[in-house]
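First residue of the sequence shown: 139, per our numbering; consecutive thereafter. For reference, the structure discussed in these notes is given below.
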Amino acid sequence: MRQFLSVKDVEDLPALLEEAKQVKKTPFAWKHLGENKSICLLFLNPSLRTRLSSQRAAANLGLEVVVLDVNAGSWKLEFGNGTVMNGDTAEHVKEAAAVIGAYFDLIAIRAFAELKDKDEDYSEKVLSAFVKYCGVPVVSLESATGHPLQSFADLITIEEHKTTARPKVVLTWAPHPRALPHAVPNSFVEWMQVADVDLVVTHPEGYELSSDIMNDLKPEYDQKKAFKGADFVYAKNWSSFNEYGKILSTDPNWIVTKEKMALTNGGKFLHCLPVRRNVIVEDAVLDSDQSLVIEEAANRIVSMQTILKRMLEGI
Ligand code: CP
Numbered sequence: 139m140r141q142f143l144s145v146k147d148v149e150d151l152p153a154l155l156e157e158a159k160q161v162k163k164t165p166f167a168w169k170h171l172g173e174n175k176s177i178c179l180l181f182l183n184p185s186l187r188t189r190l191s192s193q194r195a196a197a198n199l200g201l202e203v204v205v206l207d208v209n210a211g212s213w214k215l216e217f218g219n220g221t222v223m224n225g226d227t228a229e230h231v232k233e234a235a236a237v238i239g240a241y242f243d244l245i246a247i248r249a250f251a252e253l254k255d256k257d258e259d260y261s262e263k264v265l266s267a268f269v270k271y272c273g274v275p276v277v278s279l280e281s282a283t284g285h286p287l288q289s290f291a292d293l294i295t296i297e298e299h300k301t302t303a304r305p306k307v308v309l310t311w312a313p314h315p316r317a318l319p320h321a322v323p324n325s326f327v328e329w330m331q332v333a334d335v336d337l338v339v340t341h342p343e344g345y346e347l348s349s350d351i352m353n354d355l356k357p358e359y360d361q362k363k364a365f366k367g368a369d370f371v372y373a374k375n376w377s378s379f380n381e382y383g384k385i386l387s388t389d390p391n392w393i394v395t396k397e398k399m400a401l402t403n404g405g406k407f408l409h410c411l412p413v414r415r416n417v418i419v420e421d422a423v424l425d426s427d428q429s430l431v432i433e434e435a436a437n438r439i440v441s442m443q444t445i446l447k448r449m450l451e452g453i
């Protein structure tokens, strides 16, 4: 595996899931793969889970890990072509990415959407530049439009807890006071469309995801109808795609409640975290046996380690 930027980089999802199972069972069995090799984790945005789980996963494989908070401990990067750099950007990504690539065997990077310019976000300006100029394999730690390691961990969790061969999985929009990117819902829809699940996406009108992500899948605007018979409910807020980056609704009626979870087939609750309690989901759900959010977060080590293992086997 040369890069891990989306589910499109996975040729054989069932085999990858099987590999993840083995990694979880014997996490230290491939410690030799990372011997005398190193990874740089680059963060342009905050993180708890991605940062720590990536470090744990790399350590399990014997990799040396260096974390760089790009906006706190490095020069401000320029991404434009032909820019006269007489403003506040001190280093062009062409040099920065190439230098980091010269120091490390692998690079992993987090760079969120700015939610100002749809075309710029969906061009994956930062991620694409690192892939182009660094010269080593790249892992997305959440980009402007996707969070594949999260979705892989979500799918591992669903596989571990499903009670039917093809579970019903519901992605529900939920309210949030701030405008959030589409990376998590985009990737979740992409991964679930490849996985053996029945996917339903529910949100208020105006929150339609990109048709490039949804393909033929049509949203269900009635949240309660969507929840009926669900085996898994995945809650997430996102801002509008069509009215790019705008908050069109903060309707508290879209919060996930115990009452709504009672409509499901004893369904389990998932969220990528961090989650705003009693805004996205009420305490009664998060604190119940129905919630899998901690197992899901723990599986972030497994998803990252499985991807790094494949990459190390290829270099
Ligand atoms: N779910 C997730 O990516 O968490 P962090 O933003 O804390 O890394």
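Glycine included, C-beta positions come from ideal geometry on N, C-alpha and C. Bear in mind that the values here come from a model prediction, so they are computed numbers and not experimental data.
| Check | Outcome |
| --- | --- |
| Excluding the 5 residues preceding and the 5 following ASP334 in the sequence, name in chain order all residues of the same chain whose CB lies nearer than 8 Å to its CB. | ALA303 and ARG304 |
| Using DSSP bridges, identify the partner residues of THR340. | THR310 and GLU358 |
| Under 8 Å, do TRP329 and VAL205 count as touching if we go by C-beta distance? | no |
| Rounding to the nearest angstrom, what Cα-Cα distance links GLY344 and LEU355 in this structure? | 16 Å |
| With distance defined between alpha-carbon atoms, name the residue in ARG448, SER441 and GLN141 nearest to LEU293. | SER441 |
| Going by beta-carbon coordinates alone, are ILE385 and ALA282 separated by less than 8 Å? | no |
| Pair every Cβ in the stretch 406-422 with every Cβ in the stretch 249-258, then say whether three or more of these pairs are closer than 8 Å. | no |
| Classify LEU411 as buried or exposed, calling it buried when 16 or more other Cβ atoms lie within 10 Å of its own Cβ. | exposed |
| Please find out if some non-hydrogen atom of ligand 1 comes closer than 7 Å to the beta-carbon of ARG448. | no |
| Pick helix, strand or coil for GLN160, following the three-state DSSP scheme. | helix |
| May I have the straight-line CA-CA distance separating GLU216 from PHE268, to the nearest angstrom? | 12 Å |
| TYR372 bridges to which residues according to DSSP? | LEU309 and LEU408 |
| Let me know the secondary structure DSSP gives GLN428 once reduced to three states. | coil |
| Under the criterion of a Cβ to heavy atom distance below 7 Å, does LEU151 qualify as lining ligand 1? | no |
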